[in-house]
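Respectively, the protein sequence lines represent chains A and B.
Numbering follows the numbering used here, with no gaps: position 90 of the first sequence is 268.
Numbering follows the numbering used here, with no gaps: position 16 of the second sequence is 356.
Every residue gets a Cβ at the ideal spot worked out from N, C-alpha and C, and that includes glycine.
Step one of this worksheet: look at the structure below.
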Amino acid sequence: MRLRPFRIFPKSANPSPSGERLGRGLSNCTCARGETPPPAPPMKERGVSRAGAILAFFIAALGLSAPAAAQLEVDITGGIAQPMPIAIPGMPTPSVANTPAGDTASLGQRVADVVTNDLKNSGLFNPLPKSALETVSHPQVTAPDYIFWTQSGAQALVQGFVQANGDGSLTVGCYLYDVLAKSELARQGFVVQPAQWRRAAHKCADTVYTRLTGEGPYFDSRVVYVSETGPKTNRTKRLAIMDQDGANHRFLTNGQTIVLTPRFAPNQQTITYMSYTNNRARVYVYDIGSGTQRLVVDQPNMTFAPRFSPDGRSIVFSMAIGGNTDIYRVAASGGAPQRLTTSPGIDTGASYSPDGSRIVFESDRSGTQQLYVMNADGSNQSRISFGSGRYGSAAWSPRGDLIAFTRIGGGFNVGIMGVDGSGEKILTNGWQDEGPSWSPNGRVIMFFRTGQGSGKADLWSVDLTGVNERPVPTPLDGSDPAWGPLLP
Amino acid sequence: MERSERTGLGLSVVGHIGLLAILSLNLMSVRKMPKLSEPMDVMLVDKAGLTSAAPEISKEAPQAAEAPDVAPTIEDAPPPEPAPAKPQPAPKPAPAPTPKPAPKAAEPPKPTPPAAKPAPPAPPAKPKPKATSLGTDFLKGIPVDKSAGKSTAPRAAAISPLAMNGLAALIASQVKPCYTIPAGGADAASIVSKIRLRLKKDGSIAVAPEVVGNLGVNPANQPYLRQMNEAATRALQRCAPYKLPADLFEAWQDIVFTFRPAQMS
Numbered sequence: 179m180r181l182r183p184f185r186i187f188p189k190s191a192n193p194s195p196s197g198e199r200l201g202r203g204l205s206n207c208t209c210a211r212g213e214t215p216p217p218a219p220p221m222k223e224r225g226v227s228r229a230g231a232i233l234a235f236f237i238a239a240l241g242l243s244a245p246a247a248a249q250l251e252v253d254i255t256g257g258i259a260q261p262m263p264i265a266i267p268g269m270p271t272p273s274v275a276n277t278p279a280g281d282t283a284s285l286g287q288r289v290a291d292v293v294t295n296d297l298k299n300s301g302l303f304n305p306l307p308k309s310a311l312e313t314v315s316h317p318q319v320t321a322p323d324y325i326f327w328t329q330s331g332a333q334a335l336v337q338g339f340v341q342a343n344g345d346g347s348l349t350v351g352c353y354l355y356d357v358l359a360k361s362e363l364a365r366q367g368f369v370v371q372p373a374q375w376r377r378a379a380h381k382c383a384d385t386v387y388t389r390l391t392g393e394g395p396y397f398d399s400r401v402v403y404v405s406e407t408g409p410k411t412n413r414t415k416r417l418a419i420m421d422q423d424g425a426n427h428r429f430l431t432n433g434q435t436i437v438l439t440p441r442f443a444p445n446q447q448t449i450t451y452m453s454y455t456n457n458r459a460r461v462y463v464y465d466i467g468s469g470t471q472r473l474v475v476d477q478p479n480m481t482f483a484p485r486f487s488p489d490g491r492s493i494v495f496s497m498a499i500g501g502n503t504d505i506y507r508v509a510a511s512g513g514a515p516q517r518l519t520t521s522p523g524i525d526t527g528a529s530y531s532p533d534g535s536r537i538v539f540e541s542d543r544s545g546t547q548q549l550y551v552m553n554a555d556g557s558n559q560s561r562i563s564f565g566s567g568r569y570g571s572a573a574w575s576p577r578g579d580l581i582a583f584t585r586i587g588g589g590f591n592v593g594i595m596g597v598d599g600s601g602e603k604i605l606t607n608g609w610q611d612e613g614p615s616w617s618p619n620g621r622v623i624m625f626f627r628t629g630q631g632s633g634k635a636d637l638w639s640v641d642l643t644g645v646n647e648r649p650v651p652t653p654l655d656g657s658d659p660a661w662g663p664l665l666p
Numbered sequence: 341m342e343r344s345e346r347t348g349l350g351l352s353v354v355g356h357i358g359l360l361a362i363l364s365l366n367l368m369s370v371r372k373m374p375k376l377s378e379p380m381d382v383m384l385v386d387k388a389g390l391t392s393a394a395p396e397i398s399k400e401a402p403q404a405a406e407a408p409d410v411a412p413t414i415e416d417a418p419p420p421e422p423a424p425a426k427p428q429p430a431p432k433p434a435p436a437p438t439p440k441p442a443p444k445a446a447e448p449p450k451p452t453p454p455a456a457k458p459a460p461p462a463p464p465a466k467p468k469p470k471a472t473s474l475g476t477d478f479l480k481g482i483p484v485d486k487s488a489g490k491s492t493a494p495r496a497a498a499i500s501p502l503a504m505n506g507l508a509a510l511i512a513s514q515v516k517p518c519y520t521i522p523a524g525g526a527d528a529a530s531i532v533s534k535i536r537l538r539l540k541k542d543g544s545i546a547v548a549p550e551v552v553g554n555l556g557v558n559p560a561n562q563p564y565l566r567q568m569n570e571a572a573t574r575a576l577q578r579c580a581p582y583k584l585p586a587d588l589f590e591a592w593q594d595i596v597f598t599f600r601p602a603q604m605s
């Protein structure tokens, strides 16, 4: 399963033109720079004449430095925030060979299509239409036709190749070029089994994305969610898993019992969720490899809203005992739960910080549902949300700096705030948007949107700017998405 | 004893006075003045029009401005004499005779300073940009060949701070449309990039843009530093070649750009 990236044709790393000359020759002065004043005349020993000499020096300096050749300085303030034009032509193959996933020539085009789709969906790139691309020959992969690509308007160029290896595996080479500077920015090769060719494409897109944006990778990741179908009053809800772009979709449960709030374990081999098995709402763990599920806390009480700790060793969840709901922690392998909150009312929706030291959760202890942060052992609880309306379904960003939430005011909206509650920003404005889940790089949020009246829900994603919002394709309706970590 | 006491006292008094004198002299003379930073020309100007305010320029301008008119009529006559006569009547009829008068105007003066080296190359280069230039032919009155010598004085004087400011605005207007950066990125927009660009006379890039410094970098936006510098570099590459007044080439052949993305649109 593990995908091994390697450096193709190891090459001495090009020194980056930027970032290495910091502090050299930098002037903070935005005005004209004068010539250096002439050297001071020799000084006399006596104090009286000394003053005169200084005066003379100043006069000389003033007089000589007035007309000087000035360095022209130009300020460019502001700019245009728009996606970068990028060209991703089909990837050639050195020799056409058949594989279980199709022949290598057609695979080359499909890899390019996946890369194109990933980069486009990020909202940060504007891939050129196919009609604006030229066919790339195999030798051109490492020697781009810069003349053509410069004229195409693309600023970056992604090329690559697909090659069948003797052992039945595929090698996908991925190269990124700066069209304007006519230089190579990155290259990476991936060896995969033919069935996993899409992962190689996602890895290639991640290579391009991280190099050009400075953000972390996220395309090679999966999403688990609740697939819904049927009438509003009797929905069939099944656990389903798919790639981040909707491909490789598959159902994990058969829909005989209702399942809610699935969450990945860090190792992505297990999923924790709430299921109404035997008409009791309780937290389970599902093993993807074996397809079996296991009860986490064997108690008669209702347990729900589970989430793994970042190290995967424990699960936080909520348990309702006699009308009072509190947050508990239990070892992922099972055992006696440890109570973390004790306030009367409902404490639920716990989510760990990426370092595992703190937990954000929701509580109605103040009278309305608000967000709180506490240490992982339950100490030091403090409220962070103070805006109008109620707040719930908090999710701590994998980057650690933000908390995503659902705000319930006039409607349901997804937003973000700092971990201390500062800088609140609402990102979506659908009728009912809720259940945010972070991409592995903390740059995109997936959530589900329920239409007014229909009760039908769909998966959507939005980035931190709130501008790039798009639907995530699923075969049926979808809710409760949980974005898994980057695949190894 | 008294006497020796007195001499001793006297000696000590003299000694003290001497010491005082030496010390005070030292105070006055020995202490070095701290080195002062270089004086800078500071001028508070808003975006000014592309006109020069330098007095030297206005003096010379009439000569060339009326040269086209004079040239056809008086072939051999010494130019100096008619020159002072016409400055007023012909202030700006220049636009009418667009490309052709220019070379002609350049030719008549030639006989006089034929020895001047920079003169020959200048005229051919001049007229072309002028003809195509987008109203950037300010300072048109001053023929480049006049300043035959390469002495810095007249050059520097010809480009006033006001003209520099106008030139900077012209360059900025040509670069800005190409300056795009990816949205988002925690605090990335507060990174300021200083990029040095050296241009050829035709406005194309002579030396690849070079990052000479950054401001506003902090731990949160550090991961985006490289990308922000590249966005600025790309802007300069995309918009080249630049259409700039050829007479001011010396001013714009070496430019330091400061990209401040903070105010994104």
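Practice problem: In angstroms with no decimal places, state the Cα-to-Cα distance between Ser566 (chain A) and Arg536 (chain A). | Solution: Numbered from 1 along the first sequence, position 388 holds the residue referred to as residue 566 (chain A). Numbered from 1 along the first sequence, position 358 holds the residue referred to as residue 536 (chain A). So the alpha carbons of these two residues sit roughly 25 Å apart.
Quiz item: Distance, Cα to Cα, Phe564 (chain A) vs Val538 (chain A)?
Solution: The sequence position of residue 564 (chain A) within the first sequence is 386, counting from 1. The sequence position of residue 538 (chain A) within the first sequence is 360, counting from 1. Here the C-alpha atom of Phe564 (chain A) lies approximately 15 Å from the C-alpha atom of Val538 (chain A).
Self-check item: For Val289 (chain A), the three-state DSSP class (helix, strand or coil)
Solution: The count along the first sequence starts at 1 and reaches residue 289 (chain A) at position 111. Helix.
Quiz prompt | chain A residues whose Cβ lies nearer than 7 Å to that of Lys540 (chain B) | solution = Here the question's residue 540 (chain B) lines up with position 200 in the second sequence. Lys540 (chain B) does not reach chain A, its nearest Cβ partner there being about 15 Å away, counting only Cβ pairs nearer than 7 Å.
Self-check item: Backbone CA spacing between Asp611 (chain A) and Thr584 (chain A) [nearest angstrom]
Solution: As a working mapping, residue 611 (chain A) is identified with position 433 in the first sequence. As a working mapping, residue 584 (chain A) is identified with position 406 in the first sequence. Straight-line Cα distance between these residues: approximately 7 Å.
Quiz prompt | Buried versus exposed, by CB contacts within 10 Å (16 or more), Gln477 (chain A) | solution = Counting from 1 along the first sequence, the entry for residue 477 (chain A) is found at position 299. In this structure Gln477 (chain A) is exposed. Its beta-carbon is surrounded by fewer than 16 other beta-carbon atoms within 10 angstroms.
Practice problem: Quick one: give me the first and last residue of the beta strand (DSSP E) that Val551 (chain B) is part of. | Solution: Locating residue 551 (chain B) in the second sequence gives position 211, where the first residue counts as 1. Val551 (chain B) -> beta strand (DSSP E) spans 545-555.
Quiz item: For Leu518 (chain A) versus Ile499 (chain A), is the C-beta distance shorter than 7 Å?
Solution: Here residue 518 (chain A) corresponds to residue number 340 of the first sequence, with the count starting at 1. Here residue 499 (chain A) corresponds to residue number 321 of the first sequence, with the count starting at 1. No. Outside cutoff.
Quiz prompt | Cα-Cα separation, Gly467 (chain A) to Ala418 (chain A) | solution = Mapped onto the first sequence, residue 467 (chain A) falls at position 289. Mapped onto the first sequence, residue 418 (chain A) falls at position 240. When rounded, the distance between both Cα atoms is 14 Å.
Quiz item: Which word fits Asp485 (chain B), buried or exposed, when buried means at least 16 other C-beta atoms lie within 10 angstroms of its C-beta?
Solution: Taking the second sequence and counting its residues from 1, the one referred to as residue 485 (chain B) is at position 145. Here the model assigns Asp485 (chain B) a pLDDT of 42, short of 50, so the residue's position is not dependable and the matter cannot be decided.
Exercise. Note the first and the last residue of the continuous beta strand (DSSP E) segment covering Trp638 (chain A).
Key: By one-based count along the first sequence, residue 638 (chain A) stands at place 460. Where Trp638 (chain A) is concerned, the enclosing beta strand (DSSP E) starts and stops at 635-641.
Quiz prompt | CA nearest to the CA of Ser560 (chain A), picked from A:Ser492, A:Gly513, A:Arg543, A:Gln630 | solution = For the purposes of this step, residue 560 (chain A) is taken as the residue at position 382 of the first sequence. Per the Cα distances, A:Arg543.
Quiz item: Helix, strand or coil: which one does DSSP assign to Val319 (chain A)?
Solution: Taking the first sequence and counting its residues from 1, the one referred to as residue 319 (chain A) is at position 141. In this structure, DSSP gives Val319 (chain A) a helical state, which the three-state scheme calls helix.
Quiz item: From the beta carbon of Gly257 (chain A), is the nearest beta carbon of chain B less than 7 Å away?
Solution: Translated into the one-based positions of the first sequence, residue 257 (chain A) becomes position 79. At a cut-off of 7 Å, the C-beta of Gly257 (chain A) has a neighbouring C-beta in chain B.
Quiz prompt | Candidates A:Thr277, A:Ile493, A:Ile562: closest to Gly601 (chain A) by CA position | solution = Position 423 of the first sequence holds residue 601 (chain A). Here the closest residue by C-alpha is A:Ile562.
Quiz item: What does Asp587 (chain B) reach in chain A if we use C-beta pairs closer than 8 Å?
Solution: Within the second sequence, numbered from 1, the residue matching residue 587 (chain B) stands at position 247. Under the 8 Å cutoff, chain A gives no residues; its nearest Cβ is about 14 Å from Asp587 (chain B).
Quiz item: DSSP puts Cys352 (chain A) in a beta bridge; with which residues?
Solution: Looking up residue 352 (chain A) in the first sequence gives position 174. Partner(s): A:Gly338, A:Gln366.
Quiz item: Along chain B, which residues have their Cβ under 8 Å away from the Cβ of Gln333 (chain A)?
Solution: If you number the first sequence from 1, residue 333 (chain A) lands on position 155. For the C-beta of Gln333 (chain A), the chain B residues within less than 8 Å are, from N- to C-terminus, Arg574, Arg578.
Quiz prompt | Burial state of Lys381 (chain A), where buried means 16 or more other Cβ atoms lie within 10 Å | solution = Counting from one through the first sequence, the residue named residue 381 (chain A) turns up at place 203. Lys381 (chain A) is classed as buried because its beta carbon has at least 16 other beta carbons within 10 Å across all chains shown.
Practice problem: Compute the Euclidean distance between the alpha carbons of Val336 (chain A) and Asp587 (chain B), then round it to the nearest angstrom. | Solution: Taking the first sequence and counting its residues from 1, one reaches residue 336 (chain A) at position 158. Taking the second sequence and counting its residues from 1, one reaches residue 587 (chain B) at position 247. Those two C-alpha atoms are separated by around 42 Å.
Exercise. Look at the alpha carbon of Leu311 (chain A) and the alpha carbon of Tyr324 (chain A), and state the distance between them as a whole number of angstroms.
Key: Sequence index remark: in the first sequence, residue 311 (chain A) carries index 133 (1-based). Sequence index remark: in the first sequence, residue 324 (chain A) carries index 146 (1-based). Cα-Cα distance, rounded: 12 Å.
Self-check item: Bridge-paired residues (DSSP) for Lys308 (chain A)
Solution: Taking the first residue of the first sequence as 1, we reach residue 308 (chain A) at position 130. Lys308 (chain A) pairs with nothing; no bridge assigned.
Quiz item: Using 7 Å as the limit for Cβ to Cβ distance, is Val515 (chain B) near chain A?
Solution: Locating residue 515 (chain B) in the second sequence gives position 175, counting from the first residue. Interface with chain A (7 Å Cβ-Cβ cutoff): Val515 (chain B) is included.
Quiz prompt | For Tyr387 (chain A), the first and last residue of its enclosing alpha helix (DSSP H) | solution = By 1-based counting over the first sequence, the position of residue 387 (chain A) is 209. Counting along the chain, the alpha helix (DSSP H) containing Tyr387 (chain A) begins and ends at 375-391.
Practice problem: Could you tell me which chain A residues have their CB closer than 9 Å to the CB of Tyr519 (chain B), listed as they occur along the chain? | Solution: The sequence position of residue 519 (chain B) within the second sequence is 179, counting from 1. Going along chain A in sequence order, the residues near Tyr519 (chain B) (Cβ under 9 Å) are Ile254, Gly256, Gly257, Ile258.
Self-check item: Beta-carbon neighbours of Ile511 (chain B), restricted to chain A and to distances below 7 Å
Solution: The residue you call residue 511 (chain B) lines up with position 171 of the second sequence. The contact set of Ile511 (chain B) on chain A, defined by CB atoms closer than 7 Å, consists of Val252 in chain order.
Quiz prompt | DSSP three-state assignment for Ala571 (chain B), whether helix, strand or coil | solution = In the second sequence, residue 571 (chain B) corresponds to position 231, counting from 1. In the three-state reduction of the DSSP assignment, Ala571 (chain B) falls in the helix class, which pools H, G and I.
Quiz item: When DSSP labels each residue in this structure, what does Gly596 (chain A) get in the three-state scheme?
Solution: Position 418 of the first sequence, counted from the first residue, corresponds to residue 596 (chain A). If DSSP states are grouped into helix, strand and coil, Gly596 (chain A) belongs with the strands.
Quiz prompt | Exposed unless 16 or more other CB atoms sit within 10 angstroms - verdict on Lys415 (chain A) | solution = Within the first sequence, residue 415 (chain A) is the residue found at index 237, counting from 1. Classification of Lys415 (chain A): buried, given that the 10 Å Cβ count is 16 or more.
Quiz item: DSSP three-state call for Lys534 (chain B): helix, strand or coil?
Solution: Along the second sequence, one-based indexing puts residue 534 (chain B) at 194. Correct three-state label for Lys534 (chain B): strand.
Quiz item: Is Thr347 (chain B) close to chain A, meaning its C-beta is less than 7 Å from at least one C-beta of that chain?
Solution: As a first step, residue 347 (chain B) is located in the second sequence; it is residue number 7 there, counting from the start. Thr347 (chain B) does not count as touching chain A.
Quiz item: To the nearest angstrom, how far is it from the Cα of Arg578 (chain B) to the Cα of Leu539 (chain B)?
Solution: Here the question's residue 578 (chain B) lines up with position 238 in the second sequence. Here the question's residue 539 (chain B) lines up with position 199 in the second sequence. Between the alpha carbons of Arg578 (chain B) and Leu539 (chain B) lies a gap of roughly 14 Å.
Quiz item: When DSSP labels each residue in this structure, what does Glu590 (chain B) get in the three-state scheme?
Solution: As a working note, residue 590 (chain B) is residue 250 in the second sequence. Glu590 (chain B) falls in the helix class under three-state DSSP.
Practice problem: Taking all protein chains shown into account, decide if Asn505 (chain B) is buried (16 or more other Cβ within 10 angstroms of its Cβ) or exposed. | Solution: As a position in the second sequence, residue 505 (chain B) is number 165, starting the count at 1. Counting the other CB atoms within 10 Å of its CB gives Asn505 (chain B) a total of 16 or more, which places it among the buried residues.
Quiz item: Near Arg389 (chain A), which residues of its chain fall below 7 Å by C-beta distance, leaving aside the five closest residues on each side in sequence?
Solution: Counting from one through the first sequence, the residue named residue 389 (chain A) turns up at place 211. Excluding its 5 nearest sequence neighbours in each direction, Arg389 (chain A) has C-beta neighbours in its own chain below 7 Å: Leu354, Leu363, Ala364, listed in chain order.
Exercise. Could you check what DSSP says for Leu520 (chain A) in three-state terms: helix, strand or coil?
Key: Along the first sequence, one-based indexing puts residue 520 (chain A) at 342. According to the sequence as given, residue 520 (chain A) is Thr; it is not Leu. Secondary structure at Thr520 (chain A): coil, using DSSP grouped into helix, strand and coil.
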